[in-house]
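> A single structure is presented below for examination.
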Amino acid sequence: MFTTLSLRLRIFLFFAFLACATSGLAIAGLVLGYVRLGEDHALSAFVIAGAIAVLAIFALTTWVWVLFDENVAKPVERLAAEMRARAHAEVNDEIDHAPARYLGDLGTAAAAVASNLTETRNAMALAVGRETARLASEKTRLETLLSEVPDGVLFCSPWHTIALYNGHAREILGSSEAFGLNRPLRGLLRMAPILQAYERLLTRGNGTDDEGGTDVLVTTRDGARLLEARMRLLRLEGQETEHPGYVLTLRDVTTDMATHLERTHLLETLLGGVKEAVAILPDGEAADALATLAAETERRKRATDTGWWPMESLVAEDLGAALGARLARKGVAVACELGPTILRCDGFAVTRLLERLALDWAGQGAGELTLTLASEGAAEAVVSLEARGDVPDSATVAGWLKEPLSPGMTGFTGAAVCVAHGTSVAPEPAGPGRAALRFALPLARPEPSRPYRTVLYDFDLLNADIPDDLAAASLRGLSFVVFDTETTGLNPQVDEVCQIAAVRVVNGKLVEGERFDMLVNPGRKIPAASTAVHQITDAMVADAPGVTEALARFHTFADGAVLVAHNAPFDMAFLRRREREIGRRFDQPILDTVLCSAILFGQSAEHTLDALCERLGIAIPEADRHTAIGDAVGTGEAFRKMIPMLEAAELPNLGALIKAFDRHSRLIEHLN
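The structure is reproduced here in structure tokens:
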């Protein structure tokens, strides 16, 4: 109830209640005294005394209330208003705390809070301004970079509208009225290959972390240009969705395809003429040599026929599902029995080829269509489109293959698809009353796992100024390679490296995408005691590079950078022992995070890697402890966090830090 009233009114009501209560008690006391006295002639005296007491009480209370109101209530309300103005109205003037002089330290404290708020707000505004300017600069640079990409690039929404494009995309697709931001892609391209590729990527990536793309051939809306397109889903962290957008890179292959088809035609004509000439030549070495040359040329031609067409790894079941859906819309049923075999082909082109064969064959009375797949060795599989009916003759099948597979794409025929895949369609019997159209497709070879393709950049490096004297270079401006080794033992004179790993720290930041991690064959048995620490066994390093090769490759990785390690003398002893064998020296500056820790936290502190990471709030997963890459990442994170601390300790450059190391060299001697 009273909390809704103003502070001054509540104080006034308090003093009014106090005056009334005090007056009431005084009157009650006078009444009690008069009654106990019992003399009527004293009544007037009691009344006069009571009136004077009440007036005095009210006068005194009013005077105290006025003082309290002027020196407490009003200053408190004013301070509250001033602080509210600075909190919400961005007022930056200092608070005048003189009127609050009777409130002790409240006025001074309020002024300090307001001043600190103003400073914090200004500092934040400056930081936001700098970051905004940096982001704007990076955005401009990335836009410039994207504009120079030689391929057309489109970022498309799940609804197949354009969200971003570069200048080359406009050149490829033309400057028609249908081109622009938030315009549908269907106004520019024939969408069938795009839609099929998008659905295929969604199916492939469902419930997985697959970041691969797919290649397709697509034509412009008017069919004037043939484009090679690569599609990749835009799965962004924090924006997970079942239907993400995608990136489409486009390359105009109209001229390439025309040239390829012309080349193919010329070679086929030439080879046909050579075969006819060989047939009429008399037997002899010349005829045999010409026949051999023709056969070799034809073999090499077939190999190049399949090299330029965009191919992808495709699950055969997906091929059957796409074919079944397209034929169902045209009233033709097909039973697919393909299994999980993975083919290497152009899924869109093969689907359209099978669709054309099925529709033309069904138009001649074939029924009960079935699509099957049978492996032929380890390199290819045979696709069989079977049906109830007679075996079609080769001339009829050749006619089907000459028809365009998509409207407006006269060069996109079944014959062209067969040539691109190095195969041919063969009509064959398939049992009593049934026939089959068969062609071979290559099986996909297992591909090694590849890391996610990412772009690493730091535009600040464009303006970096490294002085000629490395000792004068700032720590933040140098490049560091932070490394760690796992060894067969603790004696650098007899033991060997069995794992070496490193990360880069550039411009004060750990570069996640640049790592060196290699198991090393030490050329000797790894003791069980060492394996218990780093979990590296003889079997794990049996096929690994030897020490000389591994250290030579590490030297290349670390070339031009300052080396950093935790207890560096131990690791460097193993590296320097092999300098003569690899023909290179590790002569760059070397920093030790043990000494950095001693400088910042004092020699009396514990300087193990675990203790240092705990102090700096760095968590190394237990599974990565005592592995070279895990310790290298932990050391790199620790060193990155110590760079601003070293700068604050008046050690801003490499020379000053190395001089400071000399004061703590005994610590390293003690550790080793």
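Counting with this note's numbering, you get residues 39 to 710 for the letters of the sequence shown. Think of the CB as a built atom: it goes at the ideal place given N, C-alpha and C, for glycine as much as any other residue.
(1) Please state whether DSSP places T199 in a helix, a strand or coil.
(2) Taking the beta carbon of V455 as the centre, do at least 16 other beta carbons fall within 10 Å, making it buried, or is it exposed?
(3) Determine the DSSP secondary structure at V370, reduced to helix, strand or coil.
(4) Please tell me whether E393 and T410 are closer than 8 Å, where the distance is taken between their beta carbons.
(5) Answer yes or no: do A482 and A474 have a C-beta to C-beta separation smaller than 8 Å?
(6) Taking the alpha-carbon positions, what's the D597 to A539 distance?
(7) Out of A87, L105, V69, point me to the one whose CA is closest to F53's CA.
(8) Reducing DSSP to helix, strand and coil, say where R382 ends up.
(9) Based on the DSSP secondary-structure assignment, which residues constitute the bridge partners of F521?
(10) Which residue from Q573, A149, R124, H126 puts its Cα closest to that of A136?
(11) With DSSP run on the structure shown, which of helix, strand or coil describes D700?
(12) For K547, which residues does DSSP report across the bridge?
(13) Enumerated in chain order, which unbroken segments of the alpha helix (DSSP H) with a length of 4 residues or greater are wholly contained in the region 595-682?
(14) Mapping DSSP to helix, strand and coil, what is P282?
(15) Anyone know if the C-beta pair for A396 and V372 falls short of 8 Å?
(16) Alpha carbon to alpha carbon, how far is R124 from L43?
(17) Give the C-beta separation of L219 and A201 to the nearest angstrom, bearing in mind that I take them to be a contact with Cβ-Cβ under 8 Å.
(18) On the CB-based measure, 16 or more other CB atoms within 10 Å of its CB, does S635 come out buried or exposed?
(19) How should E128 be labelled, buried or exposed, when 16 other C-beta atoms within 10 angstroms of its C-beta is the threshold for buried?
(20) Using three-state DSSP, classify F134 as helix, strand or coil.
(21) Just to confirm before moving on: does the CB-CB distance between I95 and S61 stay below 8 Å?
(22) Since V256 and A267 should fall inside the 8 Å C-beta cutoff, what is the C-beta to C-beta distance between them, to a whole number of angstroms?
(23) For S44, which of helix, strand or coil comes out of DSSP?
(24) With a threshold of 8 Å, are at least 3 pairs of Cβ atoms found where one atom belongs to the region 544-559 and the other to the region 683-703?
(25) Would you say the region 609-621 touches the region 675-682, given that touching needs at least three Cβ pairs under 8 Å?
(26) Thinking just about the alpha-carbon of each residue, which of D189, A359, A163 is nearest to the one in Q234?
(27) Just verifying my parser: in three-state terms, what is the DSSP assignment at P690?
(28) Are the beta-carbon atoms of R46 and A111 separated by less than 8 Å?
(29) With DSSP run on the structure shown, which of helix, strand or coil describes V191?
(30) Can you check the region 436-475 for any beta strand (DSSP E) of at least 3 residues that lies completely inside it and give the ranges in chain order?
(31) How many Å lie between T41 and T178 at the Cα?
(32) Start and end of the alpha helix (DSSP H) containing L570?
(33) Tell me where the alpha helix (DSSP H) around S82 begins and ends.
(34) Can you tell which of D253, L56, G427, R259 has its C-alpha closest to the C-alpha of V102?
(35) V272 and L239 look like a contact to me (Cβ under 8 Å); what is the Cβ gap, rounded to whole Å?
(36) Is the separation between the beta-carbon of L376 and that of A354 shorter than 8 Å?
Per the coordinate set shown:
(1) strand
(2) Within a 10 Å sphere around the beta-carbon of V455 sit 16 or more other beta-carbons, which makes this residue buried.
(3) V370 falls in the coil class under three-state DSSP.
(4) No, the Cβ-Cβ distance between E393 and T410 is not below 8 Å.
(5) no
(6) 15 Å
(7) L105
(8) strand
(9) DSSP, once it has assigned bridges, lists A540 as partnering F521.
(10) Nearest C-alpha to A136: A149.
(11) Here DSSP, grouped into helix, strand and coil, assigns D700 to helix.
(12) In the DSSP assignment, K547 forms a beta bridge with V544.
(13) 606-614, 617-620, 631-639, 647-653
(14) Shown here, P282 sits in coil according to DSSP, grouped into three states, outside any helix or strand.
(15) yes
(16) 24 Å
(17) 7 Å
(18) buried
(19) It is exposed - the Cβ of E128 has fewer than 16 other Cβ atoms within 10 Å.
(20) Just to set this straight, residue 134 is Asp in the shown sequence, not Phe. Here D134 sits in coil by DSSP.
(21) yes
(22) Indeed, because the Cβ distance is near 5 Å, the residues count as touching under 8 Å.
(23) Residue state, collapsed to three classes: coil.
(24) no
(25) Taking 8 Å as the limit for Cβ pairs, the verdict is that the region 675-682 does not touch the region 609-621.
(26) A359
(27) coil
(28) yes
(29) strand
(30) Whole beta strand (DSSP E) segments, 3+ residues: 464-467.
(31) 55 Å
(32) Note that residue 570 is Ala in the sequence shown, not Leu. Start and end: 566-572.
(33) 81-106
(34) L56
(35) Reading off the sequence shown, one finds Leu at residue 272, where the question assumed Val. Not confirmed; about 11 Å, so no contact.
(36) yes
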